[in-house]
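Right, one structure below, let's go through it.
Residue numbers (the working numbering), protein chains in the order written: chain A, 1 to 167; chain B, 1001 to 1169.
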């Protein structure tokens, strides 16, 4: 099976053509991608630092979640849409780019860590007294999140330095 | 004095420093420092955004303005030096990419405005915790400050990314 075939189809779509041919579209989409990802990073860090017991210690977890997660998810949606547009513009080259592949791996691990947090960490935290030290699983989830998001940022930046010319 | 000529001279000078040569010969330095720069921007932007979202009544509604400022504003001031340091390293590494670049000039102007608006908000608050809640007019002013700050930081990020695309004059 030719795995590149769907990528070539994506590359040929009208929106991908526009992304390549309109000189202003790519920079604007990329700029909005950076606005989205900085908000994802900065907002999820508030939750991660709370889980690590570093910041917002006096604040009940439920309130931190309510303040942070809507911002994180909205910003993540912006980053995904803009990221998909950039991917489409040069789909085959991105799919074969090492840093891009690593970025996808780390984003998958972030997805698993998010599931781990919501399924195994959050219920126990909500049931426990709302302030004070957090259990080790919460600390682990927070530390993983910070490390993985830093990795995503680094690999994302490396894509720009290693991506092949438009194919 | 011709400002364009001065910038060009500074750019040429920096380009010929030993430090600039060292930064350029190691391929991973620029992307690594750009990563640190983005992480710093993320910290400053999100911290400022949570202050603004509180002022707009979106998040942390049960908290006072003084409490939210105490929680987030220190992250802005403590991260700003890292932002300026990583930005300075990027300038020294590739002075011709940024110094004469109109997108870079716009970014600096917006950054300065964002810092000034943040100071304008924080300064009275540090003297009187309920300063911005004391009158109806001040409450309205904080909404304006919140929207302006969000727009300014967004502008800093957009202008920053456009440095890579705008042709140098």
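Ideal Cβ positions, reconstructed from N, Cα and C, are used throughout, including at glycine.
No experiment lies behind these values; they were computed from the predicted model shown.
Item, Value
"Cα-Cα separation, residue 91(A) to residue 157(A)", "17 Å"
"Simplified DSSP assignment, three categories, for residue 1061(B)", "coil"
"Under the three-state DSSP convention, the category residue 1164(B) falls into", "coil"
"Contained alpha helix (DSSP H) runs [length at least 4] in the stretch 36-106 of chain A, N- to C-terminal order", "61-89 and 91-95"
"Close beta carbons around residue 26(A), own chain, < 8 Å, minus the five adjacent residues each side", "19, 20, 86 and 89"
"Beta-carbon contacts of residue 1023(B) that lie in its chain and below 6 Å, excluding the five residues immediately before and after", "1029 and 1093"
"Minimum Cβ-Cβ distance from residue 67(A) to chain B less than 8 Å", "yes"
"Beta-carbon gap between residue 142(A) and residue 51(A) smaller than 8 Å", "yes"
"Beta-carbon contacts of residue 1156(B) that lie in its chain and below 7 Å, excluding the five residues immediately before and after", "1107, 1110, 1111 and 1114"
"Cβ neighbours of residue 1160(B) in the same chain (closer than 7 Å, five flanking residues each side left out)", "1107"
"Neighbour flag for residue 1046(B) against chain A, beta carbons, 8 Å", "yes"
"Assigned secondary structure, residue 33(A) (DSSP; H/G/I helix, E/B strand, else coil)", "helix"
"Beta-carbon neighbours of residue 1031(B), restricted to chain A and to distances below 8 Å", "154, 157, 158, 160 and 161"
"Contacts around residue 7(A), its chain only, beta-carbon distance under 7 Å, and the 5 residues preceding and following it disregarded", "91, 92 and 95"
"Test item: CB-CB of residue 151(A) and residue 106(A) under 8 Å", "yes"
"Simplified DSSP assignment, three categories, for residue 167(A)", "In this prediction, residue 167(A) scores a pLDDT of 32, lower than 50, which makes its location untrustworthy; the coordinate-derived value is nonetheless stated afterwards. Three-state result, residue 167(A): coil."
"Proximity test, Cβ basis, 8 Å: residue 1089(B) and chain A", "no"
"Contact list for residue 110(A) against chain B, beta-carbon separation under 9 Å", "Correct list: empty, because the minimum Cβ distance to chain B is about 15 Å."
"Rounded separation between residue 1098(B) and residue 1037(B) - CA only", "15 Å"
"Beta carbon proximity, residue 1165(B) to chain A, threshold 8 Å", "yes"
"Residue interval of the alpha helix (DSSP H) (run including residue 1041(B))", "1029-1055"
"Neighbouring residues, chain B, relative to residue 84(A) (Cβ below 7 Å)", "Under the 7 Å cutoff, chain B gives no residues; its nearest Cβ is about 18 Å from residue 84(A)."
"Beta carbon proximity, residue 134(A) to chain B, threshold 8 Å", "no"
"Assigned exposure category for residue 166(A) - 16 Cβ within 10 Å defines buried", "Below a pLDDT of 50, predicted positions are generally treated as unreliable, and residue 166(A), at 38, falls in that range; no measurement from the model is reported."
"Validate contact between the stretch 96-104 of chain A and the stretch 50-69 of chain A using beta carbons, cut 8 Å, 3 pairs", "no"
"Exposed unless 16 or more other CB atoms sit within 10 angstroms - verdict on residue 1072(B)", "buried"
"Residue burial classification, residue 124(A) (beta-carbon count within 10 angstroms, cutoff 16)", "exposed"
"Proximity test, Cβ basis, 8 Å: residue 47(A) and chain B", "no"
"Min CB distance residue 38(A) to chain B below 8 Å", "yes"
"Contact belief for residue 43(A) with residue 75(A) at Cβ below 8 Å, rounded distance in angstroms", "7 Å"
"Beta-carbon neighbours of residue 1034(B), restricted to chain A and to distances below 7 Å", "157"
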